[in-house]
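> Take a look at the following structure, please.
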Amino acid sequence: MGELHRAALDAAVRMAADAHAGGAVFVRVPPQWLKGAVDGVGLLRWSLLLTSTDSGDLAETYGLAKLLQQAQPDCELGVTVHGARGLADARRAFSRLSSAA
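Under my numbering, the first residue of the sequence shown is numbered 19, with each subsequent residue one higher.
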């Protein structure tokens, strides 16, 4: 996590020097990096979790949310549900996840 944090800071400084630069960078952080993470946890202030409507995926996403909260108690989490058969299916999946949380 520390090395990723340093790379992110370097990229932010480079992009700040270019008035036309901007955008977002998405990085998949392996869950094992979250366990006991101290160095670089500032990167976890805003995290986006991706899940499907599958019960197993929802349970895994809940577990990841707990790990993120342990590593960075002030984190803000977003969840995107993919693979839903429709809006109602996505809402049910999100509701199940938010109810568990």
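A virtual CB, placed ideally from N, CA and C, is assigned to each residue, including glycine.
Measuring only the C-alpha atoms, how far is Phe44 from Asp107?
Here residue 44 refers to the residue found at position 26 when the sequence shown is read from its first residue. Here residue 107 refers to the residue found at position 89 when the sequence shown is read from its first residue. Rounded to whole angstroms, Phe44 to Asp107 spans 26 angstroms at the Cα level.
> Using only the alpha-carbon positions, how far apart do Met33 and Gly104 sit?
Sequence index remark: in the sequence shown, residue 33 carries index 15 (1-based). Sequence index remark: in the sequence shown, residue 104 carries index 86 (1-based). Taking the straight line joining both Cα atoms gives about 38 angstroms.
> Evaluate the contact criterion for the stretch 20 to 33 versus the stretch 62 to 82: three or more CB pairs, one atom per stretch, below 8 angstroms.
Verdict: no, contact absent.
> What first and last residue would you give for the beta strand (DSSP E) that runs through Leu68?
As a first step, residue 68 is located in the sequence shown; it is residue number 50 there, counting from the start. Note, Leu68: beta strand (DSSP E), Trp64 to Thr69.
> Could you pull the DSSP bridge partners for Val99 from this structure?
Along the sequence shown, read from residue 1 onward, the residue named residue 99 stands at position 81. Looking at the DSSP assignment, Val99 forms a beta bridge with Thr69.
> Just to confirm, is the Cβ distance from Pro49 to Leu95 under 8 angstroms?
As a first step, residue 49 must be located in the sequence shown, where it is residue number 31. As a first step, residue 95 must be located in the sequence shown, where it is residue number 77. Not a contact, by the Cβ cut-off of 8 angstroms.
> Measure from the alpha carbon of Met19 to the alpha carbon of each residue in Lys53, Ala26, Asp92 and Asp57, then state which is nearest.
In the sequence shown, the residue the question calls residue 19 occupies position 1. Among Lys53, Ala26, Asp92 and Asp57, the Cα nearest to that of Met19 is on Asp57.
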